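S.K.: Before I ask anything, let me first share the structure, which is written out below as C-alpha cells.
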Amino acid sequence: MLTGGGDCPGLNAVIRAIVKSANKDGQYEVYGSIEAFNGMLSSPFDIVKLTNSKVSGIHVKGGTIIKTTNKGNPFSYNTTDKKGNVKTKDLSGQLIRNIKKEKFEAVINIGGDGSQRISQQLYEKGLNIIGVPKTIDNDLSSTDITFGFSTAVQISTDSFDKLVTTAESHNRVMIMEVMGRDAGWIALHTAIAGGAEICLIPEIPFNIQSIKKTIEKRYTKGRGFVNIVIAEGAKIDNTVIGKQEKGDSNIKLGGIGNVLRKKLEQAGVKPDIRVSVLGHIQRGGSPVARDRILATAFGVKAFDLVKKQKYGQMVSFTNNKVTHTSLKKAISSYNQVHSKHYLINTARSIGISFGE
Ligand code: F6P
Numbered sequence: 266m267l268t269g270g271g272d273c274p275g276l277n278a279v280i281r282a283i284v285k286s287a288n289k290d291g292q293y294e295v296y297g298s299i300e301a302f303n304g305m306l307s308s309p310f311d312i313v314k315l316t317n318s319k320v321s322g323i324h325v326k327g328g329t330i331i332k333t334t335n336k337g338n339p340f341s342y343n344t345t346d347k348k349g350n351v352k353t354k355d356l357s358g359q360l361i362r363n364i365k366k367e368k369f370e371a372v373i374n375i376g377g378d379g380s381q382r383i384s385q386q387l388y389e390k391g392l393n394i395i396g397v398p399k400t401i402d403n404d405l406s407s408t409d410i411t412f413g414f415s416t417a418v419q420i421s422t423d424s425f426d427k428l429v430t431t432a433e434s435h436n437r438v439m440i441m442e443v444m445g446r447d448a449g450w451i452a453l454h455t456a457i458a459g460g461a462e463i464c465l466i467p468e469i470p471f472n473i474q475s476i477k478k479t480i481e482k483r484y485t486k487g488r489g490f491v492n493i494v495i496a497e498g499a500k501i502d503n504t505v506i507g508k509q510e511k512g513d514s515n516i517k518l519g520g521i522g523n524v525l526r527k528k529l530e531q532a533g534v535k536p537d538i539r540v541s542v543l544g545h546i547q548r549g550g551s552p553v554a555r556d557r558i559l560a561t562a563f564g565v566k567a568f569d570l571v572k573k574q575k576y577g578q579m580v581s582f583t584n585n586k587v588t589h590t591s592l593k594k595a596i597s598s599y600n601q602v603h604s605k606h607y608l609i610n611t612a613r614s615i616g617i618s619f620g621e
C-alpha cells in the first residue's frame, strides 16, 4: 500500500485497518511503499513490512507513517542525471515490473483525485490496484464524504470561533481563508457551524459592493463586527489567487483573503480588517472520531476488495454504506458545491450572505 498526494487526518487509521484485517485473515503480508510509489522505484526498494505491532495505536495520529509526496507520478517521474539535470520520464512500466517481480498480489493506493487517476492508468496497464479516496477538500464525486474532511472542518470551526471573540472586542471585520481547492465545502460547513455573516466560495461569484453593504448593515456608530470565511479557490474578478510552482502542474492556491481585504479597503469599507490564513493547520493533528471511523471502514473495505480480487475499484461511502465504484467512474467528475445543495439553502435561510 501507499499514501500519495497531500496528507490528511485519517491516513494512519486506514493503514492500520488494512494491516489488521489482512493479518486477521492470515493469508497476506502487507508492505508499505515509502513516499508513495517512490519506495517501489528506488534501488534498493524503500518498503516496510507492516505488522500489527507496527500499526498499533496509530489511528489517533495525524499524517502518514509511510510518508507521502505529491511529486511521485510514475507516468511523469522526475529523475536527475549525474550532471544534475532533471528529466521527466515515464517509469510506469518499470514500476509495474518491480511490483510483479516482488510477487505483490495487489496494490492499495490511498490518495485523492490525482492519485486515483494514476491508479486507473496503472490498472489499464495491468496492475491489480484498489483506490481508497482521501482528501480534506471533500471534492471527489463518487463518495458522499472523504475522511479528513470532518477534521478539517472542526479545526476550521474552532479557529473561526476564536476569531469571532476578537472581532467583537475590536469592532473588526475578520477574514478567515480556508483550504478546499476548487470546492467550497470546508468554507460552507465552517460558515454554518461557526455562524459567519459572509461565506465566499468558488462556486458562487461574489461582488465587492454587495459585501460592503452587508458589512455596513452590521455597524451602528462604528460599532459592530463581521466574520467572513473565504475558500482559497474563490475567484476575484474571475481569477483565482495563487502561484505556479516549478515542476507542479497545479496552481498552488492561497492569498485570496488578503486580496479581498485590499479590495474592501479600496471600496471604502471603514472598519479595521484583519486576515487569518489557516493553511496546513487544517490538515494536521489527530483525526476526529468520525474520520477515524470512516477511515477504518475504508481500510477494511479495501482489504475485502483485494481478497475478492475486485481490482480497478475505489472504495466509497454512498447512501450511508461503505461500498465501491470503478476507478474510471470515480475520476470522471469533480464534486463542487451545487447551488441546490441543502446547505446553501440552510445558510441563506439563516442570513449568511454569499456576497452576490
Ligand atoms: O488537497 C488538499 C489541499 O490541502 C488543498 O486544500 C490545498 O489547496 C492543497 O492541498 C495544498 O497543497 P500543498 O500541501 O502541496 O501545499
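Using this note's numbering, you'd call the opening residue of the sequence shown number 266 and step up by one each time. A virtual CB, placed ideally from N, CA and C, is assigned to each residue, including glycine. Because the structure is a prediction, the values reported are computed rather than measured.
Over the uninterrupted beta strand (DSSP E) stretch that includes residue 206, give me the two end residues.
M.R.: With the chain covering 266 to 621 only, the question about residue 206 has no answer from this structure.
S.K.: When you compare the region 387 to 402 with the region 304 to 319, are there three or more beta-carbon pairs, one atom per stretch, that lie closer than 8 Å?
M.R.: Contact between the region 387 to 402 and the region 304 to 319 is absent, because fewer than three Cβ pairs lie under 8 Å.
S.K.: Of all the options 613, 615, 393, which has the alpha carbon lying nearest to the alpha carbon of residue 577?
M.R.: The shortest C-alpha separation from residue 577 is found at 393.
S.K.: Look at the alpha carbon of residue 443 and the alpha carbon of residue 516, and state the distance between them as a whole number of angstroms.
M.R.: About 16 Å.
S.K.: So, with DSSP's three-state summary, where would you put residue 442?
M.R.: Note: residue 442 maps to strand in three-state DSSP.
S.K.: Which ranges would you report for the alpha helix (DSSP H) in the region 278 to 343 if only whole runs of at least 4 residues count?
M.R.: Qualifying alpha helix (DSSP H) stretches, in chain order: 303 to 306, 317 to 320.
S.K.: Taking the continuous alpha helix (DSSP H) assigned at residue 454, which residues delimit it?
M.R.: It spans 450 to 459 - the alpha helix (DSSP H) in which residue 454 sits, taken as one unbroken run.
S.K.: With a threshold of 7 Å (Cβ to nearest heavy atom), would residue 497 be considered close to ligand 1?
M.R.: For ligand 1, at least one heavy atom lies less than 7 Å from the Cβ of residue 497.
S.K.: Helix, strand or coil: which one does DSSP assign to residue 375?
M.R.: In the structure shown, residue 375 sits in a strand (DSSP, three-state: E or B).
S.K.: Entirely within the region 353 to 441 and at least 3 residues each: give me those beta strand (DSSP E) ranges in chain order.
M.R.: Entirely contained in the region 353 to 441, the beta strand (DSSP E) runs reaching 3 residues are, in chain order, 372 to 376, 394 to 398.
S.K.: Just to check my reading of the structure: residue 462 and residue 618 have Cβ atoms closer than 8 Å, yes? What is that Cβ distance to the nearest angstrom?
M.R.: Sure, about 7 Å apart at Cβ, within 8 Å.
S.K.: Is it buried or exposed, residue 296, if we count other Cβ atoms within 10 angstroms and call 16 or more buried?
M.R.: Result: buried.
S.K.: For a quick check, are the C-beta atoms of residue 303 and residue 349 less than 8 Å apart?
M.R.: Taking 8 Å as the Cβ cut-off, residue 303 and residue 349 do not qualify as a contacting pair.
S.K.: Tell me whether residue 707 is buried or exposed, calling it buried when 16 or more other Cβ atoms sit within 10 Å of its Cβ.
M.R.: No answer is possible for residue 707: it lies beyond the span of the chain, which begins at 266 and ends at 621.
S.K.: If you drop the 5 nearest sequence neighbours on each side, which residues of the same chain put their C-beta closer than 8 Å to that of residue 323?
M.R.: Same-chain partners within the cutoff: 277, 278, 280, 281, 330.
S.K.: Does ligand 1 have even one heavy atom less than 7 Å from the beta-carbon of residue 564?
M.R.: Answer for residue 564: no, Cβ out of range of ligand 1.
S.K.: Quick one, are the C-beta atoms of residue 421 and residue 574 less than 8 Å apart?
M.R.: Not in contact: residue 421 and residue 574 (Cβ atoms no closer than 8 Å).
S.K.: Whole angstroms is fine: what's the gap from residue 475's alpha carbon to residue 538's?
M.R.: When rounded, the distance between both Cα atoms is 17 Å.
S.K.: Please classify residue 607: does DSSP put it in a helix, a strand, or coil?
M.R.: DSSP places residue 607 in helix when its eight states are reduced to three.
S.K.: Please report the residue range of the alpha helix (DSSP H) in which residue 522 lies.
M.R.: Taken as a continuous stretch (DSSP letters only), the alpha helix (DSSP H) holding residue 522 covers 521 to 531.
S.K.: Out of 472, 270, 343, which has the shortest C-alpha to C-alpha gap to residue 378?
M.R.: Ranking the options by Cα distance to residue 378, first place goes to 270.
S.K.: So for residue 491, helix, strand or coil by DSSP?
M.R.: In this structure, residue 491 counts as strand in the three-state DSSP scheme.
S.K.: Give me the DSSP bridge partner(s) of residue 270.
M.R.: DSSP, once it has assigned bridges, lists no residue as partnering residue 270.
S.K.: Taking the alpha carbon of residue 274 as the point to measure from, which residue in 399, 440, 358 has its own alpha carbon closest?
M.R.: Taking only the C-alpha atoms, the option nearest residue 274 is 399.
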